[in-house]
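The structure appears below as structure tokens.
In structure tokens, the structure reads:
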């Protein structure tokens, strides 16, 4: 959804037997809005900040 003062993207996913125990994920989902010259947004970032997936 885009245009106007609100925008959103919903990207749910399910994982069978994940290593981290999280079976439901919202990586890549976001909600954003404009307020004057500002754009405010909240989202889920799909990044792994650890040393590896070993």
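Residue numbers (our numbering): 6 to 59. Just so you know, even glycine gets a beta-carbon here, dropped at the ideal spot from N, CA and C. Just so it is clear, the structure is predicted and the values come from calculations on it, not from any experiment.
Using a threshold of 8 Å, state whether the C-beta atoms of residue 49 and residue 10 are closer than that. The sequence position of residue 49 within the chain shown is 44, counting from 1. The sequence position of residue 10 within the chain shown is 5, counting from 1. Contact: no.
CA-to-CA distance, residue 22 to residue 44, given in whole angstroms: In the chain shown, residue 44 corresponds to position 39, counting from 1. In the chain shown, residue 22 corresponds to position 17, counting from 1. Distance between the alpha carbons of residue 44 and residue 22: 37 Å.
Distance between residue 13 and residue 27 (C-alpha atoms, nearest Å): The residue you call residue 27 lines up with position 22 of the chain shown. The residue you call residue 13 lines up with position 8 of the chain shown. Cα to Cα, the separation comes out at about 23 Å.
Rounded separation between residue 56 and residue 32 - CA only: Position 51 of the chain shown, counted from the first residue, corresponds to residue 56. Position 27 of the chain shown, counted from the first residue, corresponds to residue 32. When rounded, the distance between both Cα atoms is 20 Å.
Terminal residues of the continuous beta strand (DSSP E) containing residue 11? For this step, residue 11 is matched to residue 6 along the chain shown. For residue 11, the enclosing beta strand (DSSP E) stretches over residues 11-14.
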